[in-house]
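Have a look at the structure below, then the notes.
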Amino acid sequence: VGGLLGYALDAWAGFHPWGFLAGLVLGIIAGFRNLWQDAAAMLRRMDDTNKKQDNP
Numbered sequence: 010v011g012g013l014l015g016y017a018l019d020a021w022a023g024f025h026p027w028g029f030l031a032g033l034v035l036g037i038i039a040g041f042r043n044l045w046q047d048a049a050a051m052l053r054r055m056d057d058t059n060k061k062q063d064n065p
């Protein structure tokens with residue numbers, strides 16, 4: 010999505026390829042941030058499940 014927005018910004022403002030590259034980098038950073046948050050949430054759920062199984 011970031012790359013497409015950057016491409017559109019380039020077409021509108023005319024400073025190709027910097028908008029595309031900036032959008033691409035921001036999109037990659039956002040994707041890794043979401044991946045990190047999802048992995049952390051999954052680990053918390055697994056830890057909670059293990060604690061419940063250990064303490065009946």
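Just remember that my numbering sits 9 ahead of the position in the sequence shown, which is counted from 1.
Even for Gly, the Cβ is constructed at its ideal location relative to N, Cα and C.
Beta-carbon proximity check, residue i vs residue j, cutoff 8 Å
i: Leu33; j: Gly12; result: yes
i: Gly15; j: Gly28; result: yes
Nearest-angstrom Cα separation, counted from residue j out to residue i
i: Ala22; j: Ala48; result: 38 Å
i: Arg53; j: Gly40; result: 20 Å
i: Met51; j: Gln62; result: 17 Å
i: Leu30; j: Asn64; result: 51 Å
i: Ala17; j: Asp57; result: 45 Å
Nonlocal neighbours in the same chain, by C-beta distance under 7 Å from residue i, ignoring five residues either side
i: Asn59; result: none
i: Val10; result: Gly36
Bounding residues of the alpha helix (DSSP H) (the contiguous stretch that carries residue i)
i: Val34; result: Trp27 to Asp63
i: Gly11; result: Gly11 to Ala22
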